[in-house]
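Chains as they are written, first to last, in my numbering: chain A, -16 to 317; chain B, -16 to 317. Report on the structure given below.
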């Protein structure tokens, strides 16, 4: 008899990724699809369900399917299998994805925040193995976070902990998609990087230290991938590497925000290791080097040598591996 | 035979408080002294030691002295009984207070951050009893924080977690005593409130939303108590209650920072309860009401009803009771 697998699903702002993953965290087969924009919960749920059904045949070839486990970019309730609010999925809320899929697929279904899944993935198989405590930033369409303590994700009293993207680092600063000003996400997400690049290209100059970007710079979700004339954060990073001044400025702006976020996490939580993951982290040293420099300049100097920041190791697989890990652990405890 | 007591010591920026406390968290006797400014570790340690020795007689009348437990306003290493850095004690660093006092007093000596002690105190005997998770802000000369999870304080990988006062909420904002700009402490400490009041009295107008206070407003440590012509945060709060516009403005500025700090903690850690303690919290509703309003305006609206913020209940005794609690727990585990 083959060992069991979990179908892990990573539903971000733009893409849906699937993987059949065994208990050792190996991704045996994977698939990927673009998500259409959805205005109704029903059609969103139906699309997710049909994507999983389609993938089931491939997954079954790898082993008995034990469960489905979903990581979502939004506020989730892991206990009840709910999505409270998915700002990057057209702002839909109160989606009972767990119960819906459980009934349709006749499998146990687990739901968690995608950054929580990525953090557990990195802790289990990636750059965060064998540390005491770990904070993972996931930089994508939005900015998420996951805090791992002694092998467990810290979900908080209501399951919504980890939202580093909506902590405010510059009161009165650039507008965030959430409606507030100066959230970390308004600096360091793909959305913010593209917006800042455009602003600089229009010649509106640098606003790095104090000046808010203002209403005119208000961004749209989904630009990591390929909306808005195909200008993506990845493209901006490429331009920066080739010395484009507006692109370098935009990356510097993002790094400034990320550096403050890293210093704030260090001062507040003192984790053994901080990891930077998500699609935007592929920008590499053009983003991470100035961010770490900024963080070190903030931290009380005698403590600064203790700051450990690395790039996450698992790339797009982090959330899949983490989601599967959470499902295997939950099945064991049943 | 009488039950044992712990001599708890709370060393803040201005005052040293002492208490003889039993295992049930009752403060059986207390004392208080002003700390002279110290430029050398040696004289600081000697003053602390002689204050404790003087108090020992009173404490002994309450029961057998089992240990001394100190809460300090600064970066501490609880494991090694060290103070790394005490910004409000003349900037002294690397003070081996635990080993020094242990040798002189011939008692077990425990050392922890004062906000950690206050958080444990409130969890054990105060406003945070029987909650799942708790974050305590301590607003005094500086701003500290303590995060309690399942009955334990979260100290981090190196013992320096909880420093909410030096998380940045307004990049480029008002200068903090730590040298950075826009730390929460630069808004919501006694030091910052007095400074902001003075600035407004001089007619430099409101800088609440975006404008940094600038170098001219740079504050001094120790103003909670009675330096600088006796103007204290308490006095500013009194003036605000009587309708003084500059005082109301200064409290509003402090509330703005505190509200962001509360929202950041809610988004990042989702604790069941947030408590506001420390001397500045005595300002009461003139500070807390607008702070909670600000926090609610930031938090994603469907989650906002879950925000629970209260005033801490134990006042000046919180850190003493918590320090004693930590000592009794450590003695039990020996």
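Positions of the beta carbon are idealized from the N, C-alpha and C atoms, including for glycine.
CB contact flag (residue i, residue j, <8 angstroms)
| i | j | result |
| --- | --- | --- |
| residue 85 of chain B | residue 68 of chain B | no |
| residue 124 of chain B | residue 101 of chain B | no |
| residue 93 of chain B | residue 313 of chain B | yes |
| residue 307 of chain B | residue 14 of chain B | no |
| residue 173 of chain A | residue 216 of chain A | yes |
| residue 252 of chain A | residue 139 of chain B | yes |
| residue 97 of chain B | residue 64 of chain B | no |
| residue 286 of chain B | residue 171 of chain B | no |
| residue 154 of chain B | residue 162 of chain B | no |
| residue 1 of chain A | residue 119 of chain A | no |
| residue 294 of chain A | residue 256 of chain A | no |
| residue 34 of chain A | residue 16 of chain A | yes |
Contact with chain B by residue i, beta-carbon distance below 8 angstroms
| i | result |
| --- | --- |
| residue 55 of chain A | no |
| residue -9 of chain A | no |
| residue 241 of chain A | no |
| residue 250 of chain A | yes |
| residue 120 of chain A | no |
| residue 305 of chain A | no |
| residue 286 of chain A | yes |
| residue 59 of chain A | no |
| residue 255 of chain A | yes |
| residue 129 of chain A | no |
| residue 225 of chain A | no |
| residue 106 of chain A | no |
| residue 147 of chain A | yes |
| residue 155 of chain A | yes |
| residue 139 of chain A | yes |
| residue 115 of chain A | yes |
| residue 246 of chain A | yes |
Inter-residue CB distance, residue i and residue j (contact presumed, cutoff 8 angstroms)
| i | j | result |
| --- | --- | --- |
| residue 104 of chain A | residue 128 of chain A | Contact flag wrong, Cβ pair sits at about 14 angstroms. |
| residue 20 of chain B | residue 117 of chain B | Contact doesn't hold; Cβ gap of about 34 angstroms is too wide. |
| residue 298 of chain B | residue 152 of chain B | At roughly 26 angstroms, the Cβ-Cβ gap does not stay under 8 angstroms, so residue 298 of chain B and residue 152 of chain B are not in contact. |
| residue 269 of chain A | residue 224 of chain A | 6 angstroms |
| residue 50 of chain A | residue 90 of chain A | 6 angstroms |
| residue 107 of chain A | residue -13 of chain A | 17 angstroms between Cβ atoms; not a contact. |
8 angstroms Cβ cutoff, residue i in contact with chain A
| i | result |
| --- | --- |
| residue 152 of chain B | yes |
| residue 233 of chain B | no |
| residue 289 of chain B | yes |
| residue 171 of chain B | no |
| residue 316 of chain B | no |
| residue 159 of chain B | no |
| residue 283 of chain B | yes |
| residue 311 of chain B | no |
| residue 143 of chain B | yes |
| residue 237 of chain B | no |
| residue 180 of chain B | no |
| residue 99 of chain B | no |
Sequence-distant residues of its chain with Cβ nearer than 6 angstroms to residue i (five each side left out)
| i | result |
| --- | --- |
| residue 6 of chain A | 311 |
| residue 200 of chain B | Caution applies to residue 200 of chain B, whose pLDDT of 33 falls short of 50 and renders its modelled position unreliable; the value that the coordinates give is listed next. Contacts found: 178 and 182. |
| residue 296 of chain B | 109 and 110 |
| residue 288 of chain A | none |
| residue 44 of chain A | none |
| residue 300 of chain A | 10 |
| residue 281 of chain B | 246 |
| residue 28 of chain A | 83 |
| residue 176 of chain B | 216, 219, 233 and 237 |
| residue 36 of chain B | none |
| residue -11 of chain A | 4, 49, 50, 52, 307 and 310 |
| residue 231 of chain A | 223 |
| residue 18 of chain A | -1 |
| residue 203 of chain A | Residue placement at residue 203 of chain A is poorly supported in this model, since its pLDDT is 35, which falls under 50; the coordinates are not used for a value here. |
Same chain, Cβ closer than 7 angstroms to residue i, neighbours up to 5 away in sequence not counted
| i | result |
| --- | --- |
| residue 402 of chain B | Missing from the structure shown is residue 402 of chain B; chain B here goes from -16 to 317 and no further. |
| residue 272 of chain A | none |
| residue 309 of chain A | 52, 93, 95, 100 and 103 |
| residue 238 of chain A | 270, 273, 274 and 277 |
Cut-off 8 angstroms between Cβ atoms - residues of its own chain near residue i, not counting five sequence neighbours on either side
| i | result |
| --- | --- |
| residue 133 of chain B | 115 and 116 |
| residue 228 of chain A | 183 |
| residue 146 of chain B | 58, 127 and 128 |
| residue 135 of chain B | none |
| residue 12 of chain B | 2, 3, 41, 42, 44 and 45 |
Check: residue i C-beta below 7 angstroms from any heavy atom of the ligand FMN
| i | result |
| --- | --- |
| residue 49 of chain A | The model on display carries no ligand, and the ligand FMN is accordingly not part of it. |
message = Could you tell me which whole alpha helix (DSSP H) segments of length 4 or greater appear in the region 160 to 184 of chain B?
response = 168 to 171 and 173 to 184
task = Enumerate, from N- to C-terminal direction, the unbroken alpha helix (DSSP H) stretches of 4 or more residues contained entirely within the region 225 to 277 of chain B.
result = 228 to 252
request  = Pick out the complete beta strand (DSSP E) segments inside the region 51 to 118 of chain A, 3 residues or longer, and give them in chain order.
outcome  = 58 to 60, 65 to 69, 75 to 78 and 92 to 96
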